[in-house]
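K.L.:
One structure follows; several queries about it will come next.
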């Protein structure tokens with residue numbers, strides 16, 4: 001009687017080969033020799049009677065059948081990871097590697113200073129952070145957690161999202177620039193000044209402000225002069241040090257410069273709304289029956305440090 005058992009080990013090896021686009025890369029991750037990995041894929045092809053990979057001296061590519069088999073292998077890997085996560089929960093000790101994606105400025109200024117404290121609390125967890133402003137696919141790129149700055153309803157369906165902190169956008173300038181010009185007390189006076197704005201996505205040169213008191217007062221909408229746009233709050237702050245005008249930046253990015261007196265708030269009695277309305281930083285991850293203990297520990301730690309959010 002022929003052996004019809006599923007070759008689970010070979011399927012896991014095949015998934016790693018596709019992930020690394022090489023036998024050698026998969027071998028390094030799995031602690032095997034390259035020849036052992038190659039033989040494993042060969043056994044899988046023999047088992048199914050299908051060619052799964054097109055091999056050249058320089059590259060590997062999936063055949064049509066290989067692409068379909070690979071999807072099944074990914075589900076197998078996900079199930080194996082879920083079992084491993086469950087085992088970790090049963091041990092009641094966060095451990096292992098956490099792969100995170102975070103927007104560059106948020107990661108530099110807010111997230112990075114928090115990580116040493118987290119790792120001191122949970123020394124068996126290692127954290128690897130990829131800082132990028134592109135929208136990453138957490139599952140496809142093998143990431144455990146993503147930090148997303150979003151407005152309500154913007155989180156992609158199919159992801160679990162937990163709020164971590166609120167970001168507000170503020171108007172700032174250097175004290176020297178403000179000292180050289182008449183005091184700004186009303187939004188309309190902003191039209192006489194050059195602006196540096198974020199200038200990407202919804203962020204453009206339309207600035208809308210609402211007085212903090214009374215809160216029900218109507219907003220004032222302006223199209224300001226923006227000779228410079230920089231897609232980074234940190235970049236805007238650096239540019240403002242040269243004194244070119246007023247900047248629109250995220251509050252967390254400006255906090256240190258404001259405290260040090262390097263920047264000063266402009267119209268502090270008014271709040272930006274409209275396209276510069278407050279946004280929320282969410283911790284997002286793929287839904288799973290058992291949230292890995294290491295992932296839960298990090299999210300809880302970030303909520304604790306920020307003092308915002310609800311229990312996962």
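Residue numbers (UniProt numbering): 1 to 312.
Backbone N, C-alpha and C fix where the C-beta goes; we use that ideal spot for every residue, glycine too.
Keep in mind the model is a prediction, meaning the values are calculated, not measured.
#1: Could you tell me which of 303, 41 and 97 sits nearest to residue 70, measuring between CA atoms?
#2: Buried or exposed for residue 1, please, with buried defined as at least 16 other CB atoms from any protein chain shown within 10 angstroms of its CB.
#3: For residue 169, write down the residues that DSSP places opposite it in a beta bridge.
#4: So residue 80 and residue 290 are supposed to be a Cβ contact under 8 Å. How far apart are they, rounded?
#5: Under 6 Å Cβ to Cβ from residue 94, same chain only, skipping five residues before and after it: list those, please.
#6: According to DSSP, residue 100 sits in a beta bridge with which residue or residues?
#7: Terminal residues of the continuous beta strand (DSSP E) containing residue 285?
#8: How should residue 144 be labelled, buried or exposed, when 16 other C-beta atoms within 10 angstroms of its C-beta is the threshold for buried?
#9: Report, in whole angstroms, the separation of the C-beta atoms of residue 103 and residue 149, which I expect to be a contact under 8 Å.
#10: Could you give the C-beta distance for residue 105 and residue 172, rounded to a whole number, given that I count them as a contact under 8 Å?
#11: Is DSSP giving residue 23 helix, strand or coil here?
#12: Under 9 Å between the Cβ atoms of residue 249 and residue 237?
#13: Going by C-alpha to C-alpha distance, which of 135, 146, 139 and 140 sits closest to residue 129?
#14: Within its chain, find whatever has a CB closer than 6 Å to the CB of residue 111; leave out the 5 residues flanking it on each side and keep chain order.
#15: Please confirm whether residue 62 and residue 18 have their CB atoms less than 9 Å apart.
#16: With burial defined as no fewer than 16 other Cβ atoms inside 10 Å of the residue's Cβ, what is the status of residue 46: buried or exposed?
#17: Which residues bound the alpha helix (DSSP H) around residue 236?
#18: Have a look at residue 82 and residue 16 and give me their C-alpha separation to the nearest angstrom.
P.N.:
By the coordinates alone:
#1: 41
#2: With a pLDDT of only 36 at residue 1, under the threshold of 50, the placement of this residue in the model should not be trusted; the figure read from the coordinates follows. So residue 1 counts as exposed.
#3: 250
#4: With 8 Å as the limit, residue 80 and residue 290 do not qualify as a contact, their Cβ atoms being about 13 Å apart.
#5: 122, 125, 293, 294 and 297
#6: 129 and 145
#7: 279-285
#8: buried
#9: 6 Å
#10: The pair is not a contact, with the Cβ atoms about 15 Å apart (cut-off 8 Å).
#11: helix
#12: yes
#13: 146
#14: 102
#15: yes
#16: exposed
#17: 233-240
#18: 17 Å
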